[in-house]
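Chemist: The structure is given below, and queries will be raised subsequently.
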Amino acid sequence: MAYTKEDFDNWIFFISDKMDYFTNEFANENNLCLDYSIDSLNALEDWLLKKYEKISEIIEDKTLYNNTYNILDLCGVYVGEVFRKHIGGKWYMIMDNPKNVYYKLPVLTDPSYIGETYKCPITMVTACLDRRRGDYISWILNNNIENMKR
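Numbering of the sequence shown is given in the numbering used here, commencing with residue 13 and proceeding in unit increments.
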């Protein structure tokens with residue numbers, strides 16, 4: 013989903029509502045422990061791998077959770093919030109460079125990031141479906157944690 017600046021501001025505003033729903037009601041309904049730990053990323057990824065065979069399936073999933081949220085957005089926000097808890101960063105959207113791979117997508121950024129300065133949780137969620145490792149997202153986070161120690 014490509015966002016406008018206004019969409020992004022609204023998206024940011026509703027992060028806490030989305031996470032309240034996702035880490036409580038959604039987690040309980042799906043027997044997940046979504047406590048913002050690194051291990052919770054593996055639990056979420058396992059759930060995703062069981063539910064979706066291909067990236068296109070999650071992108072095309074129009075199911076509205078809590079009558080409002082789509083699953084790719086919920087998962088992307090959760091992954092981003094786990095990253096923020098462990099490596100910091102703030103939500104940002106690149107609006108001025110259409111050639112940037114993350115143009116008009118929510119990303120995390122922080123001056124302390126080593127290597128890639130933008131982390132795009134939505135693309136991590138879709139990539140985990142392609143990689144089918146079960147620990148792809150936590151592997152990325154752990155690598156970021158290690159890189160920041162150097």
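From the three backbone atoms N, C-alpha and C, an ideal C-beta is built for every residue, glycine too.
#1: Could you tell me the boundaries of the beta strand (DSSP E) in which THR135 lies?
#2: Just the C-alpha distance for ILE67 and ASP73, rounded to the nearest angstrom, thanks.
#3: Which ranges would you report for the alpha helix (DSSP H) in the segment 99-134 if only whole runs of at least 4 residues count?
#4: Mind checking VAL113: buried by the 16 CB within 10 Å criterion, or exposed?
#5: In whole angstroms, give me the CA-to-CA distance for ASN36 and SER49.
#6: When you compare the segment 142-155 with the segment 117-126, are there three or more beta-carbon pairs, one atom per stretch, that lie closer than 8 Å?
Modeler: Looking at the atomic coordinates:
#1: Careful: THR135 lies outside any beta strand (DSSP E), inside the alpha helix (DSSP H) at 133-143.
#2: Their backbone Cα atoms lie some 10 Å apart in a straight line.
#3: With a minimum length of 4 residues, no continuous alpha helix (DSSP H) run stays inside the segment 99-134.
#4: Exposed, because fewer than 16 other Cβ atoms sit within 10 Å of the Cβ of VAL113.
#5: Their backbone Cα atoms lie some 15 Å apart in a straight line.
#6: In short, these stretches do not touch, since the Cβ pair count stays below three.
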